[in-house]
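End of the sequence shown = 203 in my numbering, gap-free, step of one.
Have a look at the structure below before the remarks.
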Amino acid sequence: DACRLQGLPADLDQGVPATGTRMIATVMPTTLETDPVPPPRWLRFVPPPRHARAVLRVIPQRWLAGAVESLLGRALSPLRGGDALEFVDGRRLGIEVADLDLRWTLELRDGRLHASAAAAEATVRGSLTDLLLLASRLEDADTLFFQRRLVLTGDTELGLTLRNVLDRLPWEEIPLGLRIVLNRAARLARAARAAHNGTA
């Protein structure tokens, strides 16, 4: 019926390649081609993340910590109820956004993430753009650490073990809205950085 409605020859065996007009183009646009990212010339006018420091200093730190706690809690929701995160129960991991001069310590208690005022046992440090690229899986952790764009300090065994667990986190089970936000934000940040560096 689909072939008839489109004026194409019927293929009852579903295996004979049709000639002439095709229902689906042989070359589909890539994700990068369909991304709603402004042209690089406009991205040069987007201020780098470090310019937001003054604004972020006005926002109470507990609000920012609560937002990070909620965001990461949603991302880790597929792992709840199992034993994947059992080894980090009661452990403290720090996240430091170098260009925004922000840092948080998160602790897993009773299967939920909580912001903590105690010192972190292991800390991941990097720029906002690189942390977004890691969270959105647009770049893998090995590449970012090898290029020193991300740095792990403190209890490296804890950090590396947690990274391995997160690598096995099913991306498709993370809430769709969160995946879209992370992907778009990371692509925009990467494109803006490339525009500022003159590599776009």
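Beta carbons: idealized from backbone N, C-alpha and C, even for Gly.
Top-ranked residue by Cα proximity to residue i, from the options
i, options, result
"Gly157", "Ala57, Glu99 and Leu141", "Glu99"
"Leu134", "Pro63, Arg95, Leu103 and Pro81", "Leu103"
"Asp113", "Arg190, Leu165, Leu131 and Arg94", "Arg94"
"Arg140", "Asn186, Gly180 and Phe90", "Asn186"
"Ala123", "Pro50, Leu111 and Gly97", "Gly97"
"Val91", "Phe149, Val184, Leu111 and Ala101", "Leu111"
Cβ-based burial, residue i [other Cβ within 10 Å; buried from 16]
i, result
"Trp66", "exposed"
"Trp174", "exposed"
"Val19", "Below a pLDDT of 50, predicted positions are generally treated as unreliable, and Val19, at 48, falls in that range; no measurement from the model is reported."
"Ala192", "buried"
"Glu72", "buried"
"Val58", "exposed"
"Trp107", "buried"
"Thr159", "exposed"
"Ala120", "exposed"
"Pro52", "buried"
For residue i, the residue or residues it bridges with in DSSP
i, result
"Leu109", "Leu96 and Ala118"
"Arg128", "Glu99 and Val154"
- Where are the alpha helix (DSSP H) runs, 4 residues long or more, that stay fully inside the region 38-68, in chain order? DSSP runs (the alpha helix (DSSP H)) wholly in the region 38-68: 43-46 and 56-61.
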